Amino acid sequence: MDDNVLQKLHPCIVITGKGFPDVSTRMMVRQLWCTLQIPILALVDADPHGIEILSVYKFGSKALSFDAHRLTVPVIKWLGVLPTDINRLSISHDQLIPLTDRDKCKARELLERPYIKITGGLGTRDRDHAIPGIQGRDSSSFFHFLRVSCRYLSSCEN
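Structure representation (structure tokens):
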């Protein structure tokens, strides 16, 4: 990672699920959390698909809901740039791309999930930051997300 992010977060374990989290990765993250009692942070894109990835780690998938007790990490926190950070970080509009129809469909689907709709299950902080990005009030996602988020992370103090 750029800007010595790993040195600033040291010691840490970095795991990539290569997109949508598979069962083995989710099981391993759950086991690390249960065994080591360490904080679990998810660095995901600030768009509906990133929010879905975070939700799968936190609540499980629809297909494997019967096995959620073995695959979820209910204390996972969203790390990185949030949709509401666009103005705060002075990210120029030429670094943003509009949500696609697929993104908007995913956003509507996420808003109907019981853990977001009823309980605000992303957590108040995460929900409040995510919802503007997926309800269309801020219909953009990050084009240069990793460059922006690495700079953002590397400027934070431990």
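Residue numbers (the UniProt record's numbering): 1 to 158.
Just so you know, even glycine gets a beta-carbon here, dropped at the ideal spot from N, CA and C.
Computed from a predicted structure; not experimentally measured.
Name the one or two DSSP bridge partners that residue i has.
| i | result |
| --- | --- |
| A42 | W78 |
Run through DSSP, which three-state label would residue i get?
| i | result |
| --- | --- |
| P98 | strand |
| C12 | coil |
| L89 | coil |
| K104 | helix |
| R113 | coil |
| D126 | In this prediction, D126 scores a pLDDT of 46, lower than 50, which makes its location untrustworthy; the coordinate-derived value is nonetheless stated afterwards. Note: D126 maps to helix in three-state DSSP. |
| S149 | Its pLDDT being 39, under 50, S149 is placed unreliably by the model, and nothing is read from it. |
| S24 | helix |
| A68 | helix |
| K58 | helix |
| Q7 | helix |
| T84 | coil |
| V73 | coil |
| G19 | coil |
| residue 161 | Given that the chain is displayed from residue 1 to residue 158, the structure contains no residue 161 and the question cannot be resolved. |
Since residue i and residue j should fall inside the 8 Å C-beta cutoff, what is the C-beta to C-beta distance between them, to a whole number of angstroms?
| i | j | result |
| --- | --- | --- |
| I76 | L43 | Actually they are not in contact, since the Cβ atoms of I76 and L43 sit about 11 Å apart, beyond 8 Å. |
| L71 | L82 | Between L82 and L71 the Cβ distance is about 25 Å, and since that is not below 8 Å, they are no contact. |
| E52 | K18 | In fact, because the Cβ distance is near 15 Å, the residues do not count as touching under 8 Å. |
| Y115 | F59 | 5 Å |
How about residue i and residue j: are their beta carbons less than 8 Å apart?
| i | j | result |
| --- | --- | --- |
| L6 | L41 | no |
| V14 | V73 | no |
| G48 | L110 | Checking the sequence, you will find Pro at residue 48 rather than Gly. Contact: yes. |
| Y57 | P21 | yes |
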